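In my numbering, the protein residues as written are 6 to 133.
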């Protein structure tokens with residue numbers, strides 16, 4: 006009786022091992038993609054904050070320069086125009102930020118494509 010089960014359990018065991026191996030490989034790919042996306046987001050955020058700080062300081066200094074240059078005759082006009090320009094730029098930046106947030110994420114796209122390829126390959130495989 007045990008001899009009759011041996012030929013069946015061997016292929017089933019190999020199938021189980023193959024499925025587990027395939028699952029492990031796919032999970033490793035998911036982990037690698039998540040790590041790469043995390044590093045990319047961290048770098049983007051770091052440079053975005055740095056650029057925003059430098060741009061803010063630069064615009065502040067430009068506003069001070071214009072106000073000092075026009076101190077005797079048009080100081081209030083210079084401050085008002087500078088404020089309007091800075092607020093308009095901030096509004097533009099917020100609109101761009103909303104657009105970037107609305108873009109779909111590419112996280113796990115390679116893994117999903119690989120899983121689809123695996124499923125297609127299994128569907129095309131002829132039966133025994």
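Ideal Cβ placement from N, Cα and C applies to all residues, glycine included.
No experiment lies behind these values; they were computed from the predicted model shown.
Could you tell me the distance, in whole angstroms, from the CA atom of residue i to the CA atom of residue j?
i	j	result
residue 122	residue 115	10 Å
residue 60	residue 77	27 Å
residue 101	residue 52	16 Å
residue 124	residue 104	34 Å
residue 20	residue 38	27 Å
residue 49	residue 56	10 Å
residue 97	residue 26	50 Å
residue 82	residue 70	13 Å
residue 6	residue 14	Low confidence applies to residue 6: its pLDDT is 48, below 50, so where it sits in the model is not reliable, and the reading given next is rough at best. So the alpha carbons of these two residues sit roughly 13 Å apart.
residue 10	residue 30	Low confidence applies here, because residue 10 scores a pLDDT of 49, under 50, leaving its location unreliable; read the following figure in that light. Whole-angstrom Cα-Cα distance: 30 Å.
residue 47	residue 23	36 Å
residue 99	residue 106	10 Å
residue 80	residue 89	14 Å
residue 17	residue 28	16 Å
residue 129	residue 36	28 Å
residue 45	residue 58	20 Å
residue 117	residue 62	44 Å
Check whether the Cβ atoms of residue i and residue j sit closer than 9 Å, and answer yes or no.
i	j	result
residue 72	residue 84	yes
residue 119	residue 34	yes
residue 75	residue 94	no
residue 110	residue 42	yes
residue 87	residue 108	no
4 or more residues per run - each alpha helix (DSSP H) lying fully within the region 54-126: Qualifying alpha helix (DSSP H) stretches, in chain order: 80-107.
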